[in-house]
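There are 2 protein chains.
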Amino acid sequence: MITENQYFDGNVKSLGYETAEGKSTVGVINPGEYEFGTANKEIMHVVEGELIALLPNQTEWKSFKSGTSFEVEANSSFKVRAEVQTAYLCQYR
Amino acid sequence: MITENQYFDGNVKSLGYETAEGKSTVGVINPGEYEFGTANKEIMHVVEGELIALLPNQTEWKSFKSGTSFEVEANSSFKVRAEVQTAYLCQYR
Numbered sequence: 001m002i003t004e005n006q007y008f009d010g011n012v013k014s015l016g017y018e019t020a021e022g023k024s025t026v027g028v029i030n031p032g033e034y035e036f037g038t039a040n041k042e043i044m045h046v047v048e049g050e051l052i053a054l055l056p057n058q059t060e061w062k063s064f065k066s067g068t069s070f071e072v073e074a075n076s077s078f079k080v081r082a083e084v085q086t087a088y089l090c091q092y093r
Numbered sequence: 094m095i096t097e098n099q100y101f102d103g104n105v106k107s108l109g110y111e112t113a114e115g116k117s118t119v120g121v122i123n124p125g126e127y128e129f130g131t132a133n134k135e136i137m138h139v140v141e142g143e144l145i146a147l148l149p150n151q152t153e154w155k156s157f158k159s160g161t162s163f164e165v166e167a168n169s170s171f172k173v174r175a176e177v178q179t180a181y182l183c184q185y186r
């Protein structure tokens, strides 16, 4: 099954699926700033575009361009900002 | 706007968006075999999983694992086969 998710009034949409290593989603983020909470550890890969992220316990925003990734621990929250529509892969591992 | 698309009874779903270089979609393909037609040139990147593709004018299926890509000319058709749920980025360029 491919699940359909949307957040922030449809400004973030994703499609969920399963892999042998755990759940994943691919999604698109509209320009804007968003705060996400994590229930599990997440590995976020920027597939196209750019995410500027404020990671837990950090004070500086950091840019992640396509081909790069960052990790967020379980039970935390992080902010991302996009200036263009940006595609991502999120692996819950 | 993030557009939602589905094909083959929901066995292929994608999210469409715009980049400065042209339209893109990220999507998920369920296990199975599918034939796609192209109106424009497409660059298909395997984001997670594996696609086995029969490209135009080819007689042999070829495996594309995550991190690899293939191109398909406009106005042609190609087949893909997935053995596991597979995420892709398609760039229309």
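Chains as they are written, first to last, in our numbering: chain A, 1 to 93; chain B, 94 to 186. For every residue, glycine included, the Cβ atom is placed at its ideal position computed from N, Cα and C.
Could you name the residues of the same chain whose beta carbon sits closer than 6 Å to that of residue i, not counting the 5 residues immediately before and after it, in chain order?
i        : result
A:GLN91  : SER24, ILE43
B:LEU182 : VAL119, HIS138, VAL140
Quick check on DSSP: helix, strand or coil for residue i?
i        : result
B:VAL119 : strand
B:ALA180 : strand
B:SER159 : coil
B:GLN99  : strand
B:ARG186 : coil
B:MET94  : coil
Using 9 Å as the limit for Cβ to Cβ distance, is residue i near chain B?
i       : result
A:ILE2  : yes
A:TYR17 : yes
A:VAL26 : yes
A:ASN30 : yes
A:VAL84 : yes
A:LEU89 : yes
Excluding the five sequence neighbours on either side, which residues of its own chain have a C-beta within less than 8 Å of the C-beta of residue i, listed in chain order?
i       : result
A:ALA39 : ALA74, ASN75
A:LYS41 : GLU71, VAL72, GLU73, ALA74, TYR92, ARG93
A:PHE64 : MET44, VAL46, GLU50, LEU51, ILE52, ALA53, PHE70
A:SER77 : GLU35, PHE36, GLY37, THR38, PRO56
Indicate whether at least one CB of chain A lies closer than 9 Å to the CB of residue i.
i        : result
B:LYS134 : no
B:SER107 : yes
B:ASN150 : no
B:VAL140 : yes
B:ASN168 : no
B:ALA68  : What is shown of chain B runs 94 to 186, which leaves residue 68 of chain B out entirely.
What residues match up with residue i in a beta bridge as DSSP calls it?
i        : result
A:LYS41  : Answer by DSSP bridge pairing: none, since A:LYS41 is not bridged.
B:ALA146 : B:LYS155, B:VAL173
B:GLU141 : B:ALA180
B:GLU128 : B:LYS172
B:GLU164 : B:ILE136
Return the chain-ordered list of same chain residues with a C-beta closer than 7 Å to the C-beta of residue i, the five sequence neighbours on each side being excluded.
i       : result
B:GLU97 : LEU108
- Message: Would you call the region 99-106 of chain B in contact with the region 42-54 of chain A, where contact means no fewer than 3 C-beta pairs closer than 8 Å?
- Response: As far as the Cβ criterion goes, the region 99-106 of chain B does not touch the region 42-54 of chain A, which means the pair count is below three.
- Contact between the region 74-83 of chain A and the region 30-40 of chain A: three or more CB pairs below 8 Å? yes
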